[in-house]
Amino acid sequence: MKNGVRVRFAPSPTGFLHIGNARIALCNKLFALKHDGVYVLRIEDTDVARLDPAAEEAIREDLRWLGLTWDEGPAGEGAHGPYRQSERTKIYYEHAERLKEQGGAYLCYCTPEELAQMREQLLARGQTPRYVGTCRGLSSAQAQELEASGRKPSLRFAVPEGATVVRDIIHGKKVFENKSMGDFVIMRSDGRPAYNFAAVVDDALMGITHVIRGEDHLPNTPRQVLLYEALGFTLPDFAHLPLLVAPDGERLSKRYGAVSVRAYREEGFLPQAVVNYLALLGGGTAGGEEIMSWEGMVRRFSLEGIARSPAAFDPGKLRWLNRGHLHTMRGEDILFYARPFLAGFLREGTDEGWLVKVLNAVKENVETLAEINRYIPIFLPDGFSLDAEARTILTADDALAAVKALKEIVAGMAEVTEDNFTEIVAALKKHTGLKGKQLFAPLRAALTGTMTGPELHKVLPVLGKQIIIERLAQALK
RNA sequence: GGUCCCAUCGUCUAGUGGCCUAGGACAUCGGCCUCUCACGCCGAAAACACGGGUUCGAAUCCCGUUGGGAUCACCA
58 MKNGVRVRFA
68 PSPTGFLHIG
78 NARIALCNKL
88 FALKHDGVYV
98 LRIEDTDVAR
108 LDPAAEEAIR
118 EDLRWLGLTW
128 DEGPAGEGAH
138 GPYRQSERTK
148 IYYEHAERLK
158 EQGGAYLCYC
168 TPEELAQMRE
178 QLLARGQTPR
188 YVGTCRGLSS
198 AQAQELEASG
208 RKPSLRFAVP
218 EGATVVRDII
228 HGKKVFENKS
238 MGDFVIMRSD
248 GRPAYNFAAV
258 VDDALMGITH
268 VIRGEDHLPN
278 TPRQVLLYEA
288 LGFTLPDFAH
298 LPLLVAPDGE
308 RLSKRYGAVS
318 VRAYREEGFL
328 PQAVVNYLAL
338 LGGGTAGGEE
348 IMSWEGMVRR
358 FSLEGIARSP
368 AAFDPGKLRW
378 LNRGHLHTMR
388 GEDILFYARP
398 FLAGFLREGT
408 DEGWLVKVLN
418 AVKENVETLA
428 EINRYIPIFL
438 PDGFSLDAEA
448 RTILTADDAL
458 AAVKALKEIV
468 AGMAEVTEDN
478 FTEIVAALKK
488 HTGLKGKQLF
498 APLRAALTGT
508 MTGPELHKVL
518 PVLGKQIIIE
528 RLAQALK
């Protein structure tokens with residue numbers, strides 16, 4: 058395991074799992090699975106201001122739902138913990154102290170107000186806003202004076218001269234000028250680490266071999282490379298995935314509707330479909346069948362295959378994939394995910410075997426789990442009523458003849474099954490001389506009360522002999 | 001504004017110099033199937049952002065332009 062692949066997903070607990078982050082998590086998971094590696098979940102909760110106490114569990118729940126389970130994580134899993142940054146302050150402090158003693162970092166006493174002012178001045182002059190290094194050469198006397206005045210210092214990294222090379226699996230070799238960075242904060246005045254520092258310390262100490270994350274982190278990477286070098290850590294491989302954008306090409310933000318995994322879950326999407334769609338987006342699994350199982354995704358996944366351009370999120374294709382997964386799924390498995398959507402129809406004694414039959418009958422008529430309940434009333438003994446169109450159809454003499462004929466045929470049978478449906482139809486045709494629409498429309502009207510819905514050969518066996526006869530009798534009145 | 005990233009049908013993509021009169025999928029449109037809505041099947045329309053090079057030959061390589069995006073915090 059020494060040289061094994063180790064990857065991590067490091068969300069910050071500020072809300073539900075974002076669909077774009079889910080894709081990042083998925084790529085990490087697929088990469089780990091592909092290379093028989095370890096997938097670590099780390100919680101980046103160093104920003105108290107944005108922290109949502111319920112978010113961590115919400116994110117874990119979303120990840121579990123998607124099947125993106127982790128090998129090491131904050132609930133005590135793994136030997137590289139703790140996996141919550143808020144529980145690692147001592148570790149950051151030690152490494153920061155070490156850096157400071159080596160001269161790689163220095164205390165900065167500038168206040169937020171002074172910093173903001175500096176920014177504005179630079180901006181006004183048309184220059185790039187960055188820390189100009191005011192406190193870099195502070196003498197200990199000056200520092201003491203500032204300290205005495207009540208200022209709490211932050212710790213800044215002393216960015217060296219020169220240029221930094223970032224090698225990225227997806228984007229190739231990139232060179233950044235160090236002077237464009239400015240000395241950035243690594244430990245805040247409140248004692249908590251800043252992102253770049255915490256991420257580097259954690260990734261190094263947790264033995265992360267491949268940092269797979271969003272492209273928004275690419276400009277951060279040279280800072281982190283510098284930190285790795287200053288701290289004497291070995292560099293991991295980097296892979297920066299292009300971001301997801303909204304259908305109109307803009308940033309995928311809340312303004313564009315559902316952006317959280319939870320929202321799609323609540324709309325009735327299957328985790329398999331969401332994950333499948335995410336794997337398809339941005340390449341990485343290109344070529345061949347688009348509806349994939351986990352095995353297929355793992356087999357086809359490669360970081361090198363990921364497209365370099367941002368991908369637009371297309372809800373339409375997600376729906377198509379959802380339908381595809383629904384079609385091939387067994388009723389038993391659908392029930393597992395459909396339960397929350399069926400709440401209104403589930404009673405104490407609801408027979409689950411019956412429910413599974415219903416799901417098998419309707420699964421090809423729906424795109425999402427949320428649509429299933431549209432068709433449930435058809436099968437409910439007491440949920441039945443005729444709509445206007447059905448009522449009209451049942452006024453014709455031919456229609457009533459068809460209904461009567463079916464009633465007699467079914468009455469003479471022990472049971473109605475999918476297998477003997479063809480026999481029933483043959484007998485019906487013989488007795489009534491009707492066929493096609495003339496024959497089936499009245500039966501559909503009498504039995505389901507509505508003119509759209511699953512195929513009759515699927516409906517009848519689920520209804521069962523008794524209900525069929527009751528409904529037909531009712532239609533004849 | 002500086003820096004960085006990106007650019008094939010409406011969308012996701014295949015394509016790594018000749019196999020491209022650019023392939024597939026979703027969506028769209030038409031047809032077939034059919035007891036309805038669907039499913040399924042068949043077919044149509046639909047793209048290499050632009051301009052320069054390099055080359056016998058460029059969607060593929062280079063440069064520029066344009067357009068989109070990211071980032072420049074004591075956020076992550």
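So that you can map any letter, position 94 of the first sequence is 151 in this note's numbering, and since no number is skipped, the others follow by simple counting. Glycine included, every Cβ here is placed at the ideal spot set by N, Cα and C.
Rounded to whole angstroms, Thr266 and Val64 show a C-alpha spacing of 6 Å. Exclusion of the five residues before and after Leu203 leaves Tyr166 as the residues of its chain whose Cβ lies within less than 7 Å of its Cβ.
Rounded to whole angstroms, the Cβ separation of Arg280 and Asp240 is 10 Å, and the two are not in contact under 8 Å. With contacts defined as CB atoms closer than 9 Å, Leu338 and Leu301 qualify as a contacting pair. Taking C-beta atoms as the reference points, Asn422 and Pro511 count as a pair closer than 9 Å.
Distance from Gly271 to Ile81 at the Cβ level is roughly 6 Å; contact confirmed, criterion being Cβ atoms closer than 8 Å. With fewer than 16 other Cβ atoms from the protein chains shown falling within 10 Å of its own Cβ, Lys487 counts as exposed. For Asp294, the enclosing beta strand (DSSP E) has its first and last residue at 294-298. Secondary structure note for Ser211: its beta strand (DSSP E) is the uninterrupted segment 211-214. For the options Lys515, Ala458, Leu500, Ala445, the alpha carbon positioned closest to that of Asn477 is the one of Lys515. Under the three-state reduction of DSSP, Arg155 is assigned to helix. Cα atoms of Gly77 and Tyr334: separation of roughly 12 Å, rounded to the nearest angstrom. Counting C-beta atoms within 10 angstroms of its own C-beta, Trp411 has fewer than 16 neighbours from the protein chains shown and is therefore classed as exposed. The beta carbon of Ala418 sits closer than 7 Å to those of Pro511, Lys515, Val516, Val519, all from its chain and outside the five residues before and after it, given in chain order. With respect to Leu504, Leu533 sits apart: the two C-beta atoms are not nearer than 9 Å.
For Thr278, the number of other beta carbons within 10 angstroms of its own is at least 16, and it is reported as buried.
For Ile391, the enclosing alpha helix (DSSP H) stretches over residues 388-395. Under DSSP, Asp225 shares a beta bridge with Gly229, Phe295. Remark: C-beta atoms of Val97 and Tyr140 approach each other more closely than 9 Å.
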